[in-house]
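If you read the sequence shown in our numbering, its first letter stands for residue 1, the second for the next number, and so on. Think of the CB as a built atom: it goes at the ideal place given N, C-alpha and C, for glycine as much as any other residue. Structure record follows, encoded as structure tokens.
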Amino acid sequence: MISLGTGPFASEQRSKPRIAVHASAEVTIGEQRTTTWVYDISASGAHMTRVPGAQLSALCKFDLPGYGVVAASVVRVEPDSFAVTFPPDPQLNAFMDDPEVVLERLRAAAN
């Protein structure tokens, strides 16, 4: 879990490099499904616009375009955004392996 205000910068806490994507995705927290704007993503997590119910440690489902549904846990909440972490998943690692391919898949899913 990420502690705010102490320790390394967030970029140094990530286990995988993030890919800037600027794509929409669906997030479900509790019973509420909402479309959100994803700023960046990696095999270990994502940063996106804040949605109702996004509270620290909340469990959610993240519908990753071109991949499918990924379980996630909210690890950071800001006034206008939040970040989630994904559990380790070899298939998601393979999906996110090449940033150019990820961007192509996300663009294709948006059309």
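Residues D80, S81, F82 of the same chain have their beta carbon placed closer than 6 Å to that of R50, with the five preceding and five following residues left out of the count. In this structure, the straight-line span from the alpha carbon of A94 to that of P88 is close to 11 Å. The Cβ atoms of A54 and V38 do not sit closer than 8 Å to each other. Excluding sequence positions up to five before and after A43, its CB lies within less than 6 Å of the CB of K16, L92, N93, M96, all in the same chain and listed in chain order. Contact check for V77 against V84 fails: the beta carbons are separated by 8 Å or more.
Counting along the chain, L56 sits inside no alpha helix (DSSP H), nor does DSSP assign it H or E at all. The C-alpha of P99 is placed about 23 Å away from the C-alpha of S73. For F95, the enclosing alpha helix (DSSP H) starts and ends at 90 to 95. As computed with DSSP, V101 is found in no beta bridge at all. Taking the Cα positions, T28 is about 14 Å away from A46.
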